[in-house]
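What follows is a single structure, written as structure tokens, with notes after it.
Protein chains: 2
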Amino acid sequence: MAKKFVYFFGDGKAEGNAGMKNFLGGKGANLAEMTNLGIPVPPGFTISTEVCDLYYKNKNKYPAGLEEEVASHLQKLETLMGKKLGDPVDPLLVSVRSGAAISMPGMMDTVLNLGLNEKAVNGLIKKTGNERFAWDAYRRFIQMYGDVVMGVPHEEYEEILHKMRKLKKVQNDIDLRPADLQEVVKKFKALYKNHTKQDFPENPKTQLWGAINAVFGSWNNSRAIKYRQINDIKGLLGTAVNVQCMVFGNFGEDSGTGVCFTRDPSTGQNLFYGEYLINAQGEDVVAGIRTPQHISKLKNKNPAIYNQLLQFRSNLEKHYKDMQDMEFTVQQGILYLLQTRTGKRTGPAAINIAVDMVKEKLITEEEAVMRVSPEQLDQLLHPMIDPKAKKVLKALAKGLNASPGAASGQIVFDAAEAEKWAKEGKKILLVRRETSPDDIGGMHVSQGILTSTGGMTSHAAVVARGMGTPCVAGCKEMVISGNTATILGKKYKQGSWLTIDGSTGEVFDGEVSLILPKISGNFKTFLSWTDKIRHSAERKGISGKGFGVRTNADLPGDAKTARDFGAEGIGLCRTEHMFFDKEKLDIFQEMIVAEDVDTRKKVLKKLGVLQKKDFKGIFKAMNGLPVTIRLLDPPLHEFVPKTKQDIQRLSEKTGVSVKKLVTKTESLHELNPMLGHRGCRLGITYPEIYDMQVDAIMNAACEAAKEGVKVHPEIMIPLVGTQNELSILRKNAEAVIKTVFEKKKMTVDYKIGTMIEIPRAALVADKIAEVADFFSFGTNDLTQMTFGYSRDDAGVFLPDYLEKNVLEKDPFQVLDQEGVGQMVEFGVSRGRSTKPNLKTGICGEHGGEPSSVEFCYNVGLNYVSCSPYRVPIARLAGAQAIIRARKKK
Amino acid sequence: MAKKFVYFFGDGKAEGNAGMKNFLGGKGANLAEMTNLGIPVPPGFTISTEVCDLYYKNKNKYPAGLEEEVASHLQKLETLMGKKLGDPVDPLLVSVRSGAAISMPGMMDTVLNLGLNEKAVNGLIKKTGNERFAWDAYRRFIQMYGDVVMGVPHEEYEEILHKMRKLKKVQNDIDLRPADLQEVVKKFKALYKNHTKQDFPENPKTQLWGAINAVFGSWNNSRAIKYRQINDIKGLLGTAVNVQCMVFGNFGEDSGTGVCFTRDPSTGQNLFYGEYLINAQGEDVVAGIRTPQHISKLKNKNPAIYNQLLQFRSNLEKHYKDMQDMEFTVQQGILYLLQTRTGKRTGPAAINIAVDMVKEKLITEEEAVMRVSPEQLDQLLHPMIDPKAKKVLKALAKGLNASPGAASGQIVFDAAEAEKWAKEGKKILLVRRETSPDDIGGMHVSQGILTSTGGMTSHAAVVARGMGTPCVAGCKEMVISGNTATILGKKYKQGSWLTIDGSTGEVFDGEVSLILPKISGNFKTFLSWTDKIRHSAERKGISGKGFGVRTNADLPGDAKTARDFGAEGIGLCRTEHMFFDKEKLDIFQEMIVAEDVDTRKKVLKKLGVLQKKDFKGIFKAMNGLPVTIRLLDPPLHEFVPKTKQDIQRLSEKTGVSVKKLVTKTESLHELNPMLGHRGCRLGITYPEIYDMQVDAIMNAACEAAKEGVKVHPEIMIPLVGTQNELSILRKNAEAVIKTVFEKKKMTVDYKIGTMIEIPRAALVADKIAEVADFFSFGTNDLTQMTFGYSRDDAGVFLPDYLEKNVLEKDPFQVLDQEGVGQMVEFGVSRGRSTKPNLKTGICGEHGGEPSSVEFCYNVGLNYVSCSPYRVPIARLAGAQAIIRARKKK
């Protein structure tokens, strides 16, 4: 039997249904479904997406039999309607629209009013008795067909209309008379001929196939390709083509058109929401010439239609169990639904709708969890521009949405200056070409960061995301010169107010009112469901349940914030971040330049007292939860003074000569510090540093425990590449711990584990696991070394690589499952071949990126860890990963 | 049945044999073997190495039954000899010696003359009638026993002897009279008691067990452990203990002792070679007090003994089929063999013996190939100090043997100065604290390099090895200050002559005569056998035979040298090395600072002409052999001028302002250049550079082919980490090649492949293989990234890592099979899962390191590639790998 390519819908029954989206496209499947539901839908037929696929596979040729199948379905449509395409007495008009399985609004082509020609337009006049309407329909058809099918420039049509309006001295097209429109049609046809070197087709079949070709052709126009790329839409067969009887909302005051949502798409409130226009076609709404009315007004204007809509609203939502976005047209008092689809919504709306629908018993909690995307959740987690304020704002410029959230502040161009202003209590926005490690202090006190160069992985972007500070990076329209930023000609001096939206990349003039995130109400309920799912997850091959979410937090304050956001422990506490504090940095520098081990130990003792205080604060904030503390990781030269004054100061403090200090700091210089003397390599050469840190951690743990805090310290040794490194350092640590326990006359539970961040560590994970209580995958460094990319330098070629599609995604943002992912898999499987229940987690930046979280779950990790503001996203992404995995089983 | 631990030998038959080395140690197994061969060996018994193993495993306790077994064997020995240990009438004296399966000369302990006590010494006097001999034997026993078993300081014994000689006004111990020696014995015993707080043991059984304990204990003394570490001796059970009747060479003029070799161990000549001393014990030879006689003198002195020795020489060599090192003692006219073992020999001797023995049909070619170690071969491949000269030389100082070969030259402290002197035709030796990339020019013109700091992987060491230039690195005794080097107080100014031996690390005063390597005669024959084996090697799963050896050569001259050394192609031609030539560097810099693509292309054209010339030269030198050419690899900043003058000069040349040039060069700076914008990443961002190179390669190939040269160009793209990179660059290259072929109206065969040097590339090798004709493993970078070590920086912690045994070997010298090796395996197996016959090779420095070559063969590579002077070593290592693999089957 020949394959069926065309599916009819009309007269209360359809050959397709909502389950056939992949095959009929979203629009086609829903038109069929609505038809079957008895909802008034103008009849028509859908040519399947498979045809599109075969068309491209077979060098732009249609499969055999398609032409006949279309012809027979057209005949069926003509018979049902009692009209014929191109009929000079009672012509059938159809629309030809695209519709893929996933909505790609505005990306592909549509032709309306198809079937009109010189004879049929007269038939339409006779049949409708509305000469103006008929000529207007005809000129619209010529315009769309020329534009969409033959590439005649849209503006040239508009130019003709514009001239005609001017000539006739009228404001709107609607005021042109039939004769004027007839004249327009003539001119349109001349324009068409001029461009295409052929007459406008009179034969409706020719018109129909022209339109079908155009729709299939539009699947691979550059706009559509780009859209699919950006939105990561893959694996579709192509677009379907929907040929459907036209209905007209512009038949007079008893006609109209509108769009409505079954709930408010911006808040999620369970209110009927939408807009309509009397005597208009859909495109008039889009054109924005006339202002539409709120749907509620229809209640008084036309209660019958309104009630019918309410009924459809209720039926469709119950049927589809999700908020619907419906298009309708009223032609001479008769309501038609032209489309229904899942309505797009804001983050807050998504949460509210999902939670409400569970309460209404429409969907289950699991279904609700799948209804909100991690990206939508992200909208709720950063200060954002008050939606009320945003309505009237216009962006000055747009950069990269480097770190989400909005921020307003007085602009400052220098990090030191920023720190000064912040001390004076000013809200400031740090504006720089690009930031460097020297700017850390200034970045820390800023509300937000705005740079003119640099990409998504620039220093500013990476640090800002880590800090949870909003950042717009690479805003090319901004030129910085001295203490002035010029944005599109307008100058902003130091102290001027600007606002940035790091979620969109927009930059606004002045101070704008912001609203702050809070986890309460429906949001809280929603997240509690994600937790329920995560905590119940069975893990194949591992004893115990659950997939945890921890946080990367270095200071007690961050730990508290993260816990409020639902963190179930600390997955990474970077001890070196504690040293950036002035007092500690001074001591740390003293330690580095110490000329012998004894001096070093003496200085370290001072440092230990201060570190202990920090650790105790963190244990308290995380009472009852595990805290993974990483011992010193960066190379020492990151801490030494760089300026003459700072060296002078250090010399005075330590009594070591400036000359010696300069020699010392120079000797620490490395050609490739990323691959240098850091992490456990420091721990091996300077055991006294790690000893001090372990001593501080365990003293803090014991003291906190004595005060009633439940402590679960996990000591993590970074940059391990061989079993020997870890076994030596483990022994050292255990010796220190033993001494602490003896002194304190008590013990606490603890673990000693390692980062897996060196490729070799993943390869020999079976050996390393012999001496490790846990693994934490440091996917930042693992990505750097597996790819051989320095994150600090890759900015030079990575943008080019993404542009040229050498890489699909920035591997520092989205875990490279194909390559780096294998390393993680090795680490887990080999580690567990030695210790079947080895606890494994991730603490790279990927731990808060949804697709990476899913990978981590699937590969068998026990938890992910991410920055505090990403914790709710990881909670959701984790739950969704579990649900998807269950479905696949 | 209880396990047998003790093996008897004597009276013409033995319980052991030469095949039991692992169990009886080399000495014990050979004593047994000789006994069975009817060679006169003093009888005795061997306690097996397994006892040593059990002793350590069981906390220094012997296995049950050992004591009884030793006792019964002792009794058997006493019965055979008709003497008894400690007998006051006719005492049996025995030696107790160590002997592991692999010889560890001088590392473990020996006790001689055991069995003497106050009574037995009198028995000995009576029996021998030689009072002096008996007292001397007794004092020797007390001295050795005290030293070896109880740790009484050797010097204190010597001090007593010294005082006695002084007192008696004699020069030598031999001149002391029996009474003096009796006095010495008394004092020795007092010394013993003073140190050990106990009397010297009178009971011979106590003595015996004391000595056995000491020998087993010496297996794990720090000296022995270190020796095994250095010589990479692993997997032994322990040492055996040989208890053997004493024979004495110091019984008078009819007695003597000697060591002889069945062939000359320094040249390999088939001449009886050795030395003997009349009336002496073995230790007297070692002590060097008397000068031994050449063995040939014995012919006249004692023809009977000499002829007997000649007979044993012939029998033993025929039996063992290898050159033997024999120890003998003549006691009162009777010859005893105390030991035979495979004789150590120099590299040239090893070759000559192996080849001669094949000619003599003693061994097969395969056996001959296994008889020469790659290290021995290395001795033949570098200029070396004339062995005649070396005999009288004494080293001034010793550094690290960083790059083999000897070199004499006038010392110069500055690279630029070195270039100047070299132009004047002087032979120079570059002396620096450490070298840097700026010194490349000076290094290139130097005979050798000597540095005072830096290790085996320092810049000087790595570059020198690459260049094949002798280098002694890290010579700590040398202090450089301005233009003077001070070595142990002696000052050497610029222009002074020094000589270095990079094979040993020694530094000599003045100019020393050197001899140069040549492959001819036996050496050539020997290497031809290795080739036969390599060419015949069947490769499982790959069609075709053979395991190739190629070379890394960048210039026609190097290619010629390598071919003379037997290279079968070029595995790595680094195109960028061509740019270090002044003329090309100028143009290259011009290209880098070009402000637009057109200027860049114009400059590249000039460069292309020059590169083509080099490539043509290489194709000619390699006529008929494959030549793998790697496209530009290092980051551009390696080529930009660094000094003010150079920037000024470039500015004048290009017309680009100094300011712009400074900005440009600064913008090229990278934090981690190793992981930066280099290799194929440059090829993607600046396609015109690779296009120029491919154009030059293929034009050169076509032109050479027209001149009758057989060309096999293989274009290699470096630093690939994703399939996309290679497929894009392959397409670009193919387009250029097509154009060249069209222009030249001809084609030549070519291949396009890639380096596997990024960990990710190894992981996705199956995908990369889809677009690659070959893989070449760049194990230098692969090691850097798999370990996360920068070779430039690792010098800070690697020595510490090796010292503390965190790493067994420097992974930049010996391929880390456990970690990096997995990456190579992935690359091969995954690559071949896509293309079963994918050609694979290695071009990292490991390609010339024997254990790494063996790994490469076993993992399935088609060839290794190494620096020209390592080619013969790789040829041998490859053949040996094949033989070993066949044996394992």
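As given, the protein sequences belong to chains A and B, one line each in that order.
Residue 301 in my numbering is what sits at position 301 of the first sequence, and the numbering runs on without skipping anything.
Residue 1199 in my numbering is what sits at position 310 of the second sequence, and the numbering runs on without skipping anything.
Ideal placement from N, C-alpha and C gives every residue a C-beta, glycine not left out.
In this text, all values refer to a predicted model and were calculated from it rather than measured experimentally.
Residue-chain proximity (residue i, chain A), Cβ-Cβ < 7 Å
i	result
B/A1575	What sits at residue 1575 of chain B in the sequence shown is Tyr, not Ala. It does not; no Cβ of chain A falls within 7 Å.
B/H1183	no
B/H1566	yes
B/Q1711	yes
B/R1570	yes
Test: residue i CB closer than 7 Å to a CB of chain B
i	result
A/F547	no
A/N672	yes
A/S829	no
A/N724	yes
A/S790	yes
A/F580	no
A/D810	no
A/P204	no
A/R760	yes
A/D800	yes
From the options, residue whose alpha carbon lies closest to that of residue i
i	options	result
A/R539	A/D11, A/A29, A/F8 and A/A881	A/A881
B/R1495	B/F1468, B/P952 and B/R1519	This sequence places Lys at residue 1495 of chain B; Arg is not what is there. Nearest option by C-alpha distance: B/F1468.
B/N949	B/P932, B/S1107 and B/Q1228	B/S1107
A/V899	A/A696, A/T663 and A/R177	Limits of chain A in this structure are 1 at one end and 889 at the other, which puts residue 899 of chain A out of reach.
A/T342	A/Y336, A/D325 and A/V330	A/D325
A/R730	A/T628, A/L527, A/I717 and A/T722	A/I717
B/I1184	B/A1239, B/L1687 and B/T1146	B/T1146
Contacting residues, own chain, Cβ-Cβ under 8 Å from residue i (five flanking each side not counted)
i	result
B/H1526	T1554, L1557, H1558, E1559 and P1562
Assigned secondary structure, residue i (DSSP; H/G/I helix, E/B strand, else coil)
i	result
A/H677	coil
A/G795	helix
B/M890	Note that B/M890 scores 48 on pLDDT, short of 50, meaning its location in the model is unreliable; the coordinates nonetheless yield the value given after this. Correct three-state label for B/M890: coil.
A/Y62	coil
B/H1084	helix
Residues near residue i in its chain [Cβ-Cβ closer than 6 Å; skip 5 each side]
i	result
A/G831	A765, A769, F775 and L838
B/T837	In the structure displayed, chain B extends from 890 to 1778; residue 837 of chain B sits before or after that span and is not available.
B/I991	I1122
Neighbourhood of residue i by C-beta, 7 Å cutoff - its chain only, sequence neighbours within 5 removed
i	result
A/L66	F5 and V51
Residue i versus residue j: straight-line alpha-carbon distance, rounded
i	j	result
B/I1641	B/I1604	5 Å
A/E68	A/F200	24 Å
A/H459	A/T435	6 Å
B/H962	B/L1691	45 Å
B/G1138	B/K1058	26 Å
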